[in-house]
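Trainee: Chains as they are written, first to last, in the numbering used here: chain A, -7 to 471; chain B, 73 to 473. Every residue gets a Cβ at the ideal spot worked out from N, C-alpha and C, and that includes glycine.
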Amino acid sequence: MSGAGIHGFGAYVPVTRLQRSAIHAFNGWFAGGLKGLAKAEKAVSGWDEDPITMAVEAARDLYADGARNADAVTLASTTHVFADRANAGVVKEALNLADTVMTMDAGGSQRCGTSSLIAALDAAAAGRTTLHLAAERTTPKPASEREMTAGDAAAAILVGPGPGLARLIAHHSVAMDFVDHFREAGEGSDYDWEARWVRDEGFAKIAVPALKAALAKAGLDGGRVARLIVPVAVRGIPELLAKSAAIAPEAIADTLGTVIGHAGAAQPTLMLAHALETAKAGDILCLVGFGQGCDILLFEATGAGARPRLGVSGWLARRRESHNYGQYLFHRDLLSLEKGMRAEHDSKTALTALWRNRKAVMALVGGRCTRTGTIQFPKTDVSVNPNDHAIRTQEDYPLADVPARILTYTADALTFSPDPPSCYGNIEFEGGGRMMSEFTDIAPDALEVGTDLRMMFRIKSFDELRGFRRYFWKAAPAH
Amino acid sequence: MARGIRDKVAILGMGCAKFGERWDKDADSLMLEAYEEAIADAGIETSQIDAAWLGAAFDAVNIGPSGIPLAMALRLNDIGVTKVENYCASGTESFRGAVYAVASGAADIALAMGVEKLKDTGYGGLPVRTRGTTHDMIGVTGSAPGNFAQLASAYRARHGVGADDLKRAMAHVSVKSHANGAKNPKAHLRNTITEEQALNAPMIAAPLGLFDCCGVSDGAACAIVTTPEIAKSLGKTDIVTVKALQLATSNGWELQGSGWNGAYFHTTRIAAAKAYQEAGITDPRNQISLTEVHDCFSITELVTMEDLHISREGEAWRDVLDGMFDADGKIPCQIDGGLKCFGHPIGASGLRMIYENYLQLLGRAGDRQRAEQPVFALSHNLGGMPNQNVSSIAIVGMMGA
């Protein structure tokens, strides 16, 4: 048995990058002390995104065009959408994975991302492959420091038996109920204690010993560490850890704070995925997870293995700058706007219909006629082919990863949308199949007949009356 | 092909309520207003009506899901009343029910009523509604302008028409309809507009601006039909008959199949070809005298001119700009103001179109009467959206034409 390792990695960063100066321009009169943080930008997900949709994208990034192998899917987050409905189970459906996959949600701490990764590595030692996902979409209070430092992102690591592209050397954990901040279930924002105390009593006295213990367990000197991954938004903490463990300052990984922000429990996985992009054979990667204790993971890169479709860098390049702080607040339910009567339309979901149509709704599985090859969405009893309305001849035909293009479009300012105008149109999939689709991540003036599209799993609508959300696929610009 | 119903059914009388924001009227009062005109025109008693059809599209905010409101509003004589709905084609659908009843011999005299009471929603435009639990999970419930605006994007791409040229042609459609509506005392909108106003109006769903969109109205329209023989026996001399009545309904090919380019109505082309065959029309561009088409949006009217085989494909925008469809043009379109200005009480619109064509054929259209006596008058009533719809065509003319 050659132990466990990382066999793939991927990430997702929302396209919108809110300028922190725009936040401060609005809040500065009240929270003048945050001026020092009003620099650079943070990634903010759209109204139609949440940890589930972001995790789906990170997983798709990981798998790229390859086979979707996984025995289990885990999703770590402290901002899970559902308290009682498997969040990882929704991801599993969207990825169209086999029903025999085990799913599990991890949460409850900033450390849940690294702890679930450790659990996945332990499972790999027992021969199981886990798609480890982490995603976060926080709702920090306006004018708080967290609002400045937080960002939305998701990341994916495929963990399995064998060394893959980075073999696990050792992991070490300690658990202590050190409450540097907290958020009760159902609350939107965190309550933070003084940062100096967190540094002196938390990082220095919990993380530092854990790091030293892990290195000792692995028989490694700090100097061997090529990349120290410390997902902490507080300045000076990575340096403190590096110094105390004799790790070279150059080894400290970019926290991505200026380009994404801190994505909570997803940040360790995100930074690990980022580090793996450039890791060379023999590089030692040291990952720290902090929160009511500490997890330390040590990997050695092998130089082998699959690459993601875009990776953190690729997603960072797919970027749209925003100065619209009001839109950010509204999309996070932190600002109440008059939505008009058209928003009163009832979005009640018939759970019976959702269940029987789950392949079509959740995984965008259409049909292909086994007699004529006609591809269509959705799959129906009678084929749409006008020359052969064959009955019950269709097999499943997944369309989520098939490129598409715009056939017709509009930017509709009348229909209710949290992000008007509502852009939608008829689209055509490469190789056949059509549907009317909403467009997302697109500027209204960028719509053209023939524009290349890529489908993305998004929130379709909210049922505010019953506290439910509907997911479906939307078309985004392919490039 | 079936033998069709050409000249088998005559229009005995028609009526139409004033369309508009009828804040003071319920649906039953609107129906009565249309009916009083129709029954007086027909010269019969209510007790002579054998069967009735009621067209309404938004029953949930309107009259509820049955024929009972019509039976009650007019105190019909315990006859069968059927409520029909086929999106915005519901008015022509009710006409079809009555006409088929007479053509089959099942009824001697039948009534078609279309009504819509839409101004109780609290906002402008059509009510947002479900299209079924499964559709709501995988389809797009956009607005009507958003659905029809897509015609323009596809039309431009398909025919290489510049955005400005198409926008100007669309503006011409609306300027013309406002000019016509201004002459119509029953019209909802009676103001004229300029091309500049149309071009510079606020955007509703790109590229449709405010004046590219019809509003929604309260209103009702009514037809009483019988056989030509009974019409004669009742003393009618100028008899308008139904020459063709066709309906085509999307089976999903446009939305889900391949081949449709998004720039036209597949169903309208089918229904028009069948209607011309039924009416014995071989050269629509030269035989149709006037049209009332479903101009819910300017772009709809424009592409419909092609789908009716009146304009050549890709050239309707030129015909529009040439004034071919103006009131004094070769084939006036919406000489009464159309949906754009007469108004669009959904279930009533198909019957309102036939009402106008009937008046024009009988020379009773007042200030807006077409100068030259019409021969064949076509109405086109469309429900749904470009990729999924119900298209209906009714052609009427004088008996023997």
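Name the DSSP beta bridge partners of Asp97 of chain A, please?
Mentor: Its beta-bridge partners are A:Leu67.
Trainee: Give the secondary structure of His337 of chain A by DSSP, where H, G and I count as helix, E and B as strand, and everything else as coil.
Mentor: Coil at His337 of chain A, not helix or strand.
Trainee: Report yes if the CB atom of Asp100 of chain B is closer than 9 Å to the CB atom of Ala145 of chain B, and no otherwise.
Mentor: In this structure, Ala145 of chain B lies closer than 9 Å to Asp100 of chain B by Cβ.
Trainee: Taking only three categories from DSSP, how would you classify Met(-7) of chain A?
Mentor: Bear in mind that a pLDDT of 41 at Met(-7) of chain A, under 50, signals an unreliable position, so the number given afterwards is only what the model happens to contain. Here Met(-7) of chain A sits in coil by DSSP.
Trainee: Residues of chain A with CB closer than 9 Å to the CB of Ile276 of chain B, please, in chain order.
Mentor: Within chain A, the residues near Ile276 of chain B are Asp404, Ala405, Leu406.
Trainee: Less than 9 Å separating the beta-carbons of Leu190 of chain B and Ile371 of chain B?
Mentor: Not a contact, by the Cβ cut-off of 9 Å.
Trainee: Could you name the residues of chain A that Thr363 of chain B contacts, counting a contact when the two beta carbons are closer than 7 Å?
Mentor: Within 7 Å Cβ-Cβ: nothing; Thr363 of chain B doesn't reach chain A, min ~25 Å.
Trainee: Compute the Euclidean distance between the alpha carbons of Ile398 of chain A and Phe369 of chain B, then round it to the nearest angstrom.
Mentor: Cα to Cα, Ile398 of chain A sits roughly 22 Å from Phe369 of chain B.
Trainee: Determine the extent of the alpha helix (DSSP H) in which Leu454 of chain B is found, giving its start and end residues.
Mentor: Per DSSP, Leu454 of chain B belongs to no alpha helix (DSSP H); it is in the beta strand (DSSP E), 448 to 457.
Trainee: Measuring CA to CA, which of A:Glu330, A:Gly2, A:Thr385 is closest to Leu157 of chain A?
Mentor: With distances taken between Cα atoms, Leu157 of chain A lies closest to A:Gly2.
Trainee: For the region 185 to 202 of chain A against the region 283 to 292 of chain A, do three or more pairs of beta-carbon atoms, one drawn from each stretch, fall closer than 8 Å, so that the two count as touching?
Mentor: Yes, since at least three Cβ pairs between the region 185 to 202 of chain A and the region 283 to 292 of chain A fall closer than 8 Å, the two stretches touch.
Trainee: So, does the CB of Asp433 of chain A fall closer than 9 Å to a CB anywhere in chain B?
Mentor: It does not; no Cβ of chain B falls within 9 Å.
Trainee: List the residues of chain B that Gly423 of chain A touches, going by C-beta distances under 8 Å, in chain order.
Mentor: Result: empty, since nearest Cβ-Cβ is about 10 Å, beyond 8 Å.
Trainee: In three-state DSSP terms, what is Gly178 of chain A?
Mentor: Coil, per DSSP.
Trainee: Please report the straight-line C-alpha distance between Ala148 of chain A and Pro6 of chain A, rounded to a whole angstrom.
Mentor: Rounded to whole angstroms, Ala148 of chain A to Pro6 of chain A spans 15 Å at the Cα level.
Trainee: Between the C-alpha atoms of Met(-7) of chain A and Pro153 of chain A, what's the straight-line distance to the nearest angstrom?
Mentor: In this prediction, Met(-7) of chain A has a pLDDT of 41, which is less than 50 and means its spatial position is unreliable; what the coordinates show is noted afterwards. Rounded to whole angstroms, Met(-7) of chain A to Pro153 of chain A spans 8 Å at the Cα level.
Trainee: Would you call the region 203 to 221 of chain B and the region 339 to 351 of chain A in contact, with 3 or more CB pairs under 8 Å?
Mentor: Flag = yes, the region 203 to 221 of chain B and the region 339 to 351 of chain A touch.
Trainee: I'd like the list of long-range same chain contacts for His323 of chain A, defined as Cβ closer than 6 Å, with 5 residues on each side in sequence excluded.
Mentor: Hits under 6 Å: Trp39.
Trainee: Taking Cβ positions only, does Leu190 of chain B come closer than 9 Å to chain A?
Mentor: So, not an interface residue.
Trainee: At a threshold of 8 Å, does Lys402 of chain B count as lining the ligand MN (C-beta to nearest heavy atom)?
Mentor: Although the ligand MN was asked about, the structure shown includes no ligands whatsoever.
Trainee: On the premise that Ile77 of chain B lies in contact with Val171 of chain B, defined as a C-beta separation below 8 Å, what is that separation, rounded to the nearest angstrom?
Mentor: Correct: roughly 7 Å between the Cβ atoms.
Trainee: Compare the C-beta of Leu399 of chain A against all C-beta atoms of chain B and say whether one is closer than 9 Å.
Mentor: Closer than 9 Å: yes.
Trainee: Name the residue from A:Asp172, A:Leu54, A:Gly119 whose alpha carbon lies nearest to the alpha carbon of Ala126 of chain A.
Mentor: Residue A:Leu54 is the option with its Cα nearest to Ala126 of chain A.
Trainee: Who does His124 of chain A pair with in a DSSP beta bridge?
Mentor: Answer is A:Thr66, A:Ile149.
Trainee: For Ala298 of chain A and Ala59 of chain A, what's the separation of their Cα atoms in angstroms?
Mentor: C-alpha separation (whole angstroms): 11 Å.
Trainee: Around the C-beta of Val171 of chain A, are 16 or more other C-beta atoms found within 10 angstroms, so that it is buried, or is it exposed?
Mentor: Its Cβ having fewer than 16 others within 10 Å, Val171 of chain A is exposed.
Trainee: Can the beta-carbon of Tyr416 of chain A be found closer than 9 Å to that of Glu440 of chain A?
Mentor: It is not a contact, given that the beta carbons lie outside the stated cut-off.
Trainee: Does Leu457 of chain A pass the burial test, meaning 16 or more other C-beta atoms within 10 Å, or should it be called exposed?
Mentor: Counting Cβ neighbours within 10 Å, Leu457 of chain A comes out exposed, since fewer than 16 surround it.
Trainee: Could you work out which residues of chain B lie near Tyr320 of chain A, taking near to mean beta carbons separated by less than 9 Å?
Mentor: Those within 9 Å of Tyr320 of chain A in chain B number zero; the least Cβ separation is about 25 Å.
Trainee: Can at least three beta-carbon pairs, one atom from the region 248 to 268 of chain B and one from the region 153 to 163 of chain B, be found at a separation below 8 Å?
Mentor: Verdict: no, contact absent.
Trainee: With a CB to CB cut of under 6 Å and the five nearest residues on each side skipped, what residues in its chain are close to Tyr317 of chain A?
Mentor: So the list reads Ala14, Ile15, Phe18, once near-sequence residues are dropped.
Trainee: Can you tell which of B:Cys285, B:Ala277, B:Asp131, B:Gly232 has its C-alpha closest to the C-alpha of Glu385 of chain B?
Mentor: Closest by alpha carbon: B:Gly232.
Trainee: For Pro522 of chain B, would you say it is in contact with chain A, using Cβ-to-Cβ distances shorter than 9 Å as the test?
Mentor: No information on residue 522 of chain B is available, as it lies outside the stretch 73 to 473 that chain B covers here.
Trainee: Please classify Lys331 of chain A: is it buried, with 16 or more other beta-carbons within 10 angstroms of its beta-carbon, or exposed?
Mentor: Lys331 of chain A is exposed by the Cβ-count criterion.
Trainee: Any C-beta of chain A sitting closer than 9 Å to the C-beta of Tyr195 of chain B?
Mentor: Cβ-Cβ to chain A under 9 Å: yes for Tyr195 of chain B.
Trainee: Which word fits Ser225 of chain B, buried or exposed, when buried means at least 16 other C-beta atoms lie within 10 angstroms of its C-beta?
Mentor: Buried: at least 16 other Cβ atoms inside 10 Å.
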